[in-house]
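Asks: So for the sequence shown, our numbering puts the first residue at 1; every next one is plus one.
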Amino acid sequence: MAITLKTVPANKDYSGTIMRVVRGAKQKKVCYVTLNRSCGSLAEMFEKVKKEFFYIDGISATLLSPPRVKDCHYVPAAYSLDNIQRLVKIAISKGYTFLVFDSLSNLLIHKQAVPVGGDIIGEFIRSFKDELSKKKGSAVFFVKSSDKKKPLIKEALKTFLFFYTP
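#1: Answer yes or no: do D102 and Y32 have a C-beta to C-beta separation smaller than 8 Å?
#2: Does chain D have any CB closer than 8 Å to the CB of S60?
#3: By the 10 Å Cβ neighbour count, where 16 or more other Cβ atoms means buried, how is S138 classified, buried or exposed?
#4: Could you compute how far the alpha carbon of V30 sits from the alpha carbon of F142?
#5: First and last residue of the beta strand (DSSP E) that includes K6?
#6: Looking only at C-alpha atoms, which of G40, C72, K12 and V116 sits nearest to E155?
#7: Examine the Cβ distances between the segment 92-107 and the segment 35-54 and report whether three or more of them are shorter than 8 Å.
#8: Can you look up K29 in the DSSP assignment and give me helix, strand or coil?
#9: Among N36, Q27 and L5, which one has its Cα closest to the Cα of S15?
#10: How would you call I109, buried or exposed, if buried means at least 16 neighbouring beta carbons within 10 angstroms?
#11: For T159, name the three-state secondary structure that DSSP assigns.
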């Protein structure tokens, strides 16, 4: 099992990078945690990708009353890691063994809810790591290159097995 941190430079096509990672995954069932865009826009983006998706949307409910989107589960806020964790575990139990987390950079704006010093991101990952491992799954966490050296991200680095920086 691999838990990878993938940095994306500012000059790279962010959506294209994510699309390549998802398409390249050997698993057919993808749990996609989004703190970056609505699951509706993701469903459109992945419309032609031959995979099953379980979306966890941490952005839409903070902005409006989100519309119903097939296979989308809403959490009240991007920093609701307990709710996200619960849904990730449900997804894994249903066979969604490729986890995409888009993106750790979006947690940086929630400094009071996700403070540095408590290894909150590491705890979050460890909370479902064993279940994912038993199912021979893998996870990719995205972060903007410019955010990799920020304290909250640096604190979580020891949790990742692989780092990929293009």
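Every residue gets a Cβ at the ideal spot worked out from N, C-alpha and C, and that includes glycine. These numbers come from a predicted model, not from an experiment.
Replies: Per the coordinate set shown:
#1: yes
#2: Here chain D cannot be found, since the structure has a single protein chain.
#3: buried
#4: 15 Å
#5: A2 to V8
#6: V116
#7: yes
#8: strand
#9: The shortest C-alpha separation from S15 is found at N36.
#10: exposed
#11: Shown here, T159 sits in a helix according to DSSP, grouped into three states.
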